[in-house]
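Just so it is clear: in the sequence shown, position 138 is 137 by numbering that gives the first Met the number 0, and no numbers are missing.
Below: one structure, written as structure tokens.
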Amino acid sequence: MKLLPVIIVVCAGVLPANAQSTNSAALAGWCRSLSLDLGETLTPGGPAQAAFSTYDGVANTLQVDSQFSIVSDELRPRAGMPGVYEADYGLFRPSPIGFFEFGNVVLTLPTTDADTNGVPDVVQASQAGHVASFNGNGRQEYPQPLDFAVTGQFSRNAGADVGTYNLAWQNITGLYAISGTLRALHLEGQVDYTRNSSNVMRFNFTLHTEKGASLVLTGSTVYTLRSANEVLLPPFKLRSGARRYTVAATTLARAGQRYTGNIKFTDLLLETSWHDFTDWAIEVTDHVDSNTNGIPDLSDPLAVPDFVAPKVGINVPAANARLTNGAVIVQGTASDDRGVARIFYSLNGAPFTNAVGTNLWFAPVTLRPGTNTFVVQAADAGTNFSPVVTRRFIYVVTSPLTVQTSGTGSVMPDLDGRLLEVGRRYTLTAVPAVSNLFASWSGGTNSTTAKLTFTMTSNLVLAANFVPNPFIAIQGMYAGLFAESEIIAHETSGYFSAKLKDHGAYSGLLRRGGRTHSFAGQFGLDGTATNRIRLSSTNQLVLSLSLDISNGTEKITGTVAEGERVAWLDANRTQPRSASNPAGRFPGKYTLSILPEPASSGPAGAGVASVIADTNGNARLLGFLADGTPFSAVGSISMDGHFPLYQASYGGKGSISTWLLFTNGPVPSFSGTANWIKTARPADRMYPRGFTNVSSVNGSLYTVQQTTNALSSAGSATVEILGLPTPDTTNVVIWNRATRMTNAAGMTLTLAPATGLWSGVYPEPATHRKLPFKTTLQPGPGGQMGAGFIIQSNRSGLVNFILTP
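Next comes the structure, spelled out in structure tokens:
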């Protein structure tokens with residue numbers, strides 16, 4: 000087996016020791032054996048073929064595959080004898096005679112080594128291989144044993160792997176001169192190594208064969224360090240195409256930046272004719288020394304990335320220690336598998352500072368009053384960081400607390416003038432006196448919540464502020480309406496009601512577009528509050544309220560906003576029953592008519608209703624709209640005579656709303672302007688396209704006696720039917736003193752004494768159908784006149800009921 004010197008030069012940038020790095024290297028090398036091609040010999044009898052074979056040390060044998068087939072052409076060094084090379088040889092003629100002569104030769108070559116790498120220049124293509132002359136000896140084994148002297152010459156220029164050789168000797172048959180091609184076998188390529196938890200070496204190089212061909216080999220192995228001066232390569236595989244080759248284990252020894260050793264192929268290199276050239280010497284030259292300690296990274300144990308983080312701990316003070324001294328030295332320990340580089344710490348979130356020491360460390364700190372948070376961390380030379388360790392210390396400092404009050408109230412517990420611990424948290428509760436409310440905390444902190452949790456500071460002053468309760472005098476029920484200011488729209492108008500409690504808390508309802516929404520909240524001492532009412536996942540109502548707490552109007556105003564659409568809200572208080580309750584000024588029964596203004600698009604008839612108001616200011620309304628739709632309302636009359644009327648109809652697709660204003664004139668009455676809206680309902684029999692009517696609302700006090708007296712004394716009574724497709728008619732009716740009026744054509748009117756509303760039947764002249772109608776009869780100038788509605792198929796007409804003196 001033979002040796003091939005390999006020189007691996009590693010060139011790579013210097014990386015931090017903790018970072019995985021891959022260093023690349025140029026790879027070159029040479030076999031210590033030489034290749035001698037077949038040559039020719041001149042003998043007295045004529046030319047003969049010649050061959051050289053690996054020396055096997057056995058007399059009378061020449062390595063052959065079969066008869067006359069030479070195994071190899073290797074001139075190899077003799078183990079343990081520098082400069083001594085040996086080979087078997089054979090001379091023969093191509094005739095049946097067979098071999099003329101065979102034996103072996105031993106040559107002594109110069110051992111000069113210009114680059115001091117342990118490999119003679121004669122086998123290195125990069126060095127000059129010219130040898131003017133050398134000596135040797137041979138032994139002929141056939142046809143008879145004979146020893147003889149050998150002379151020769153080698154010629155090869157530096158940088159060339161091909162040269163020539165000449166050998167000459169003389170034996171009993173004559174002088175033999177053999178010449179041919181000389182080759183210094185070598186390789187070149189690249190090798191990389193990576194240092195991490197597993198050290199990996201990768202080969203990629205080309206072997207140049209004795210025939211001038213090349214063989215590309217690649218492979219890798221995981222190597223280990225026996226010491227900083229010795230690297231072990233275990234058996235590993237190389238491959239060339241589909242072929243695999245096994246390399247035996249070898250050791251590389253370091254001298255400075257050089258690592259030298261031998262590798263051996265355990266398989267023959269079948270792709271070449273030099274089957275026996277399987278021993279190689281290698282040399283690795285590594286210039287990378289990332290930590291500059293004089294040992295290349297290839298075998299430096301400290302160059303292996305450090306994956307182990309250090310550990311750090313705190314010994315004193317103990318966790319949650321209560322300290323009375325602000326200057327403290329925090330002490331602890333740290334450890335690491337390779338060494339702790341530094342300890343750094345932070346107190347109360349300040350920038351990190353280096354501690355004194357490493358394995359035993361301490362940090363002088365100045366505590367602030369109260370709880371202090373100390374964190375510490377360790378780092379090793381590989382810049383691995385330990386987990387952060389946190390410890391809290393309490394620096395106990397006391398200071399007096401001053402608690403003041405403004406207004407009528409107290410603070411619990413009573414800590415005024417007490418020495419409290421600075422940095423510690425305490426809780427105080429402001430308790431207002433009867434008929435007072437807590438307003439705010441001021442002084443060292445600001446809050447509008449009666450229960451105050453605070454952190455004690457030096458000489459802290461706190462003030463609890465109380466005010467007279469403004470809600471007691473105006474608590475109760477509030478009711479009102481809301482609508483947009485320019486155009487009253489069904490979808491943005493509605494009814495508001497709320498109950499205000501004696502501490503400013505409230506709850507209430509909004510009715511809008513056929514839906515009812517509840518809300519609740521707390522008015523601030525400035526009288527404002529806001530609610531957000533969820534309509535859907537993407538839409539909401541914003542209810543902004545303002546309660547008059549100082550001007551005596553007993554009103555809530557505000558807005559109901561949905562996106563960019565804003566409705567203005569106005570609501571009045573319903574006072575509780577008392578002897579002086581001004582809302583009770585309008586008790587009694589009333590009738591009202593809702594008469595559309597000219598050019599209205601909806602029904603021509605007038606709605607009718609009865610109203611009952613009690614001495615507590617409560618009112619109940621019951622009646623019919625002009626298309627026959629029943630409606631009702633229950634609420635209260637404010638101290639200034641306002642009653643909010645709102646009724647959603649048509650399955651939430653329409654509504655009527657108005658403020659009714661009650662007055663106490665010679666004849667108690669009320670009036671208003673109603674907005675009656677119906678949106679399109681294609682399935683409805685009457686007015687499927689919808690309409691918007693603005694109507695005048697008129698109401699007057701009603702009693703049975705006044706009505707019957709007016710009927711008994713009337714000079715005439717007529718009923719007008721207007722606004723139907725048939726011609727308008729005027730019908731004279733006669734009072735029969737039994738709450739009924741009739742005429743000869745069959746018209747009847749019947750009074751409901753409890754409500755003051757009239758119901759009638761009108762015989763239509765053209766079709767003789769009996770059409771129902773409803774009407775009122777109210778006092779007016781020059782007599783009494785009521786208005787109502789009559790239904791014909793799918794439309795509504797107007798009914799006027801007139802009494803003249």
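Just so it is clear, CB atoms sit at the ideal spot from N, CA and C, and this is done for glycine as well.
Here the structure is a predicted model, which is why all the values come from computation and not from measurement.
Check	Outcome
CA-to-CA distance, L750 to A482, given in whole angstroms	37 Å
Endpoints, the alpha helix (DSSP H) within which N708 is located	703-712
Buried or exposed (CB count within 10 angstroms, at least 16 for buried), S226	exposed
Presumed contact (8 Å Cβ cut-off) between L542 and L534, rounded CB distance	Going by Cβ atoms, the distance from L542 to L534 rounds to 12 Å, so no, they are not a contact pair.
Distance CB(H342)-CB(V374) smaller than 8 Å	It is Ile, not His, that sits at residue 342 in the sequence shown. The answer is no: Cβ separation not under 8 Å.
Classification of F351 by the beta-carbon crowding that lies within 10 angstroms, buried from 16 upward	exposed
Sequence ranges, beta strand (DSSP E) only - wholly within the region 341-371, length at least 3	359-365
Cut-off 7 Å between Cβ atoms - residues of its own chain near A127, not counting five sequence neighbours on either side	D120, N156, A157
Distance, A737 Cα to Y645 Cα	36 Å
Buried versus exposed call for W567 [16 or more other C-beta atoms within 10 Å across all chains shown]	exposed
Segment limits, beta strand (DSSP E) that includes L194	Sequence check: residue 194 is Arg here, not Leu. Segment 173-194, the beta strand (DSSP E) holding R194.
Terminal residues of the beta strand (DSSP E) in which E282 lies	278-285
Exposure of M455, with buried meaning 16 or more beta-carbon neighbours within 10 Å	buried
Length of the line joining the Cα atoms of T614 and S637	12 Å
Local Cβ density within 10 Å of I69, reported as buried at 16 or more and exposed below that	Confidence at I69 is low in this model, with a pLDDT of 44, below 50, so its placement is unreliable and the value that follows should be read with caution. Buried is the call here.
G551 to A612 span [Cα, whole Å]	24 Å
The region 291-304 / the region 219-235 touching (three or more Cβ pairs under 8 Å)	yes
Proximal residues to E763 (C-beta, below 6 Å), its chain only, five neighbours per side dropped	L770
Contact check, R194 vs A25, beta carbons under 8 Å	no
Pairwise C-alpha distance: V466 and S496	27 Å
In DSSP terms, what M411 is bridged to	T428
contact_flag[the region 476-495, the region 421-428] where n(CB pairs < 8 Å) is 3 or more	no
Reduced DSSP category for R584 - H, G, I as helix; E, B as strand; rest coil	helix
Of the listed residues L721, S715, I720, T725, nearest to V731 (C-alpha basis)	S715
Rounded straight-line distance, which links the Cα of Y701 to that of M740	18 Å
Per DSSP, cross-strand counterpart(s) of K450	T428
Backbone secondary structure at Y686 - three-state DSSP	coil
Same chain, Cβ closer than 6 Å to G503, neighbours up to 5 away in sequence not counted	F470, Q521, F522
D146 - DSSP class collapsed to helix/strand/coil	strand
Start-end ranges of the beta strand (DSSP E) lying completely within the region 223-276, minimum 3 residues	229-232, 235-239, 242-246, 249-254, 257-263
Option nearest G173 by Cα separation, candidates W29, P363, N198, L145	L145
Segment contact, 8 Å Cβ cut-off, at least three pairs: the region 660-669 with the region 687-704	yes
R77 - containing beta strand (DSSP E), residue span	Counting along the chain, R77 falls outside any beta strand (DSSP E), and DSSP gives it neither H nor E.
Cβ distance (whole Å) where S694 is taken to contact A673 below 8 Å	5 Å
Continuous beta strand (DSSP E) stretch holding V541: start and end	538-546
Rounded straight-line distance, which links the Cα of Q791 to that of G512	29 Å
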